[in-house]
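Residues in the sequence shown are numbered consecutively from 154, following the numbering used here. Input: a single structure, listed below in structure tokens.
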Amino acid sequence: HKLFFAFVLSIPKLFNVAAIMLLLIYLYAVLGINLFAKVAYPAGGSYNADANFRTFPQAMSLLIRAMTGEAWNELMHDLSKTKFDFQSHMSVPCEDDLNLENVAKFANVSLSEVTQADLYFLTGPDWEPNACGSQLSYIYFITYTVVVTFVVLNLVIAVIFEGFEESSKSELSDLITSCVHTWRKYDPDYRMLISVDRVFDFIDECVEDLCRAYGKTKNPNWSIENRWDPAYTGLHTRTLLPAYNLKYVKINAIMVNSKQEVRFIVAMRAVLRRLICQGGLNGLVTTKLGRFQRLRELEALDLSMEFPGTGPD
154 HKLFFAFVLS
164 IPKLFNVAAI
174 MLLLIYLYAV
184 LGINLFAKVA
194 YPAGGSYNAD
204 ANFRTFPQAM
214 SLLIRAMTGE
224 AWNELMHDLS
234 KTKFDFQSHM
244 SVPCEDDLNL
254 ENVAKFANVS
264 LSEVTQADLY
274 FLTGPDWEPN
284 ACGSQLSYIY
294 FITYTVVVTF
304 VVLNLVIAVI
314 FEGFEESSKS
324 ELSDLITSCV
334 HTWRKYDPDY
344 RMLISVDRVF
354 DFIDECVEDL
364 CRAYGKTKNP
374 NWSIENRWDP
384 AYTGLHTRTL
394 LPAYNLKYVK
404 INAIMVNSKQ
414 EVRFIVAMRA
424 VLRRLICQGG
434 LNGLVTTKLG
444 RFQRLRELEA
454 LDLSMEFPGT
464 GPD
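Quick look at the structure:
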């Protein structure tokens with residue numbers, strides 16, 4: 154649930170990152186066509202009819218593949234081959250300066266029949282662009298790999314992590330908002346104080362509302378700590394405190410003032426303690442034993458905060 158919510162929160166930012174990435178790939182594709190569209194295919198190389206800069210769609214496809222890290226260094230070396238490499242090692246003819254005269258000669262047509270576009274896209278049974286490579290391929294592919302593969306793709310991961318943090322903050326915000334909304338019913342004058350008897354009604358209502366919001370109550374095994382002690386047989390007095398379940402009171406850990414009133418911050422702390430014992434803000438359901446173990450951990454934490462060095466190792 155948290156991961157899905159984090160992904161949903163990240164979608165708008167991911168669109169922005171994707172737009173930047175596509176713009177960079179587009180710019181590099183245009184630059185690649187201008188630099189390498191005329192380069193001949195090396196014999197047995199990765200730069201071939203399936204991966205080249207001869208057309209814009211092929212250039213985009215090549216760069217998207219290189220973005221994943223597949224064979225980008227092989228493409229870089231193929232496009233840096235010199236005339237010596239082409240003719241001596243691979244027996245592939247190439248021209249350092251591929252101009253219209255060379256195109257007409259290799260295509261075996263008159264100079265009037267070729268145009269500037271034929272430097273890149275003229276293909277036939279006896280000729281295709283056969284310029285030599287360029288050392289600029291090193292700068293081109295290294296900068297592309299650093300900017301797109303390392304920076305932009307890691308930016309995508311950073312955006313998802315940020316969405317996960319925002320989803321966590323959203324849970325805390327939901328908790329506080331729910332508690333504040335419920336508090337208004339018990340403290341309409343905004344004194345930030347309510348009586349000790351009413352504070353347990355507030356805590357129970359907040360916990361049940363939040364458990365319902367996160368789907369805990371749909372689980373047939375879900376239960377909440379009983380407020381009343383079933384073994385109590387005494388008479389009711391002015392206060393109901395003697396009838397309360399001791400474990401329930403220990404979980405809430407309410408502190409009251411001299412007027413038997415409880416502050417809002419203390420009640421919020423009790424809600425948090427109850428939710429921790431209930432398993433947290435999720436759909437998980439804890440047993441009575443699980444709630445007791447979490448209560449022990451809370452008590453140990455309280456002790457270590459009050460007396461540093463006395464908590465569990």
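Glycine is no exception: its CB is placed at the ideal position from the N, C-alpha and C atoms. As the structure is a prediction and not an experimental result, all values here were calculated from the model.
Alpha carbon of E133 to alpha carbon of L308, nearest angstrom: Not covered by the structure: residue 133. The range shown for the chain is 154 to 466.
Nearest-angstrom Cβ-Cβ length linking P210 and K234, presumed shorter than 8 angstroms: The Cβ separation is near 24 angstroms, so there is no contact.
Start-to-end residues for the beta strand (DSSP E) that takes in R416: E414 to R416
Selected residue, minimal CA-CA separation from D362, among S263, L456 and T330: T330
Residue nearest to V300 in terms of C-alpha spacing, selected from L176, A453 and E450: L176
Cα-Cα separation, W225 to F294: 7 angstroms
Burial state of L215 (16 or more Cβ within 10 Å): buried
Nearest-angstrom Cα separation, counted from L328 out to A366: 10 angstroms
Simplified DSSP state of S468, which is helix, strand or coil: Nothing in the structure corresponds to residue 468, since the chain is present only between 154 and 466.
Ranges of the alpha helix (DSSP H) found wholly within the segment 183–262, counting only runs of at least 4: 209–220, 225–231 and 253–260
Backbone secondary structure at I164 - three-state DSSP: helix
Where Y385 falls, given that 16 or more other Cβ within 10 Å makes a residue buried: exposed
Where E450 falls, given that 16 or more other Cβ within 10 Å makes a residue buried: exposed
D249 versus F314: straight-line alpha-carbon distance, rounded: 49 angstroms
Spatial distance of E223 from V245 (CA atoms): 25 angstroms
Straight-line gap, I173 to L184 (C-alpha atoms, nearest Å): 17 angstroms
Closest Cα partner of I444 within the set E318, E378, A193 and L399: Ile is not the amino acid found at residue 444; the sequence shown has Arg there. Of the candidates E318, E378, A193 and L399, the one whose C-alpha sits nearest the C-alpha of R444 is E378.
C-alpha gap between W375 and A212, whole angstroms: 58 angstroms
Buried versus exposed, by CB contacts within 10 Å (16 or more), G286: buried
Those residues which DSSP pairs with L346 across a bridge: R416
Cβ separation of A423 and I356, assumed to be a contact under 8 angstroms, to the nearest whole Å: 5 angstroms
Proximity winner among S263, E414 and C430, relative to L442 (alpha-carbon distances): C430
Chain-order list of residues whose beta-carbon lies under 6 angstroms from that of P165 (same chain, five-residue window excluded): none
Secondary structure of P278, DSSP reduced to three states: With a pLDDT of 45 at P278, under the threshold of 50, the predicted position of this residue should be treated as unreliable, and no value is reported.
Cβ pair Y343, R351 closer than 8 angstroms: no
Inter-residue Cα distance where the pair is L306 and A190: 27 angstroms
Residue nearest to I178 in terms of C-alpha spacing, selected from V333, T298 and N372: T298
Range of the contiguous alpha helix (DSSP H) that encloses N405: L399 to N405
Limits of the alpha helix (DSSP H) - the one that Y367 falls within: Careful: Y367 lies outside any alpha helix (DSSP H) and carries neither H nor E.
Beta-carbon separation (whole angstroms), G198 vs D231, contact threshold 8 angstroms: 4 angstroms
Exposed unless 16 or more other CB atoms sit within 10 angstroms - verdict on M220: buried
Rounded C-alpha distance that separates T302 from E281: 32 angstroms
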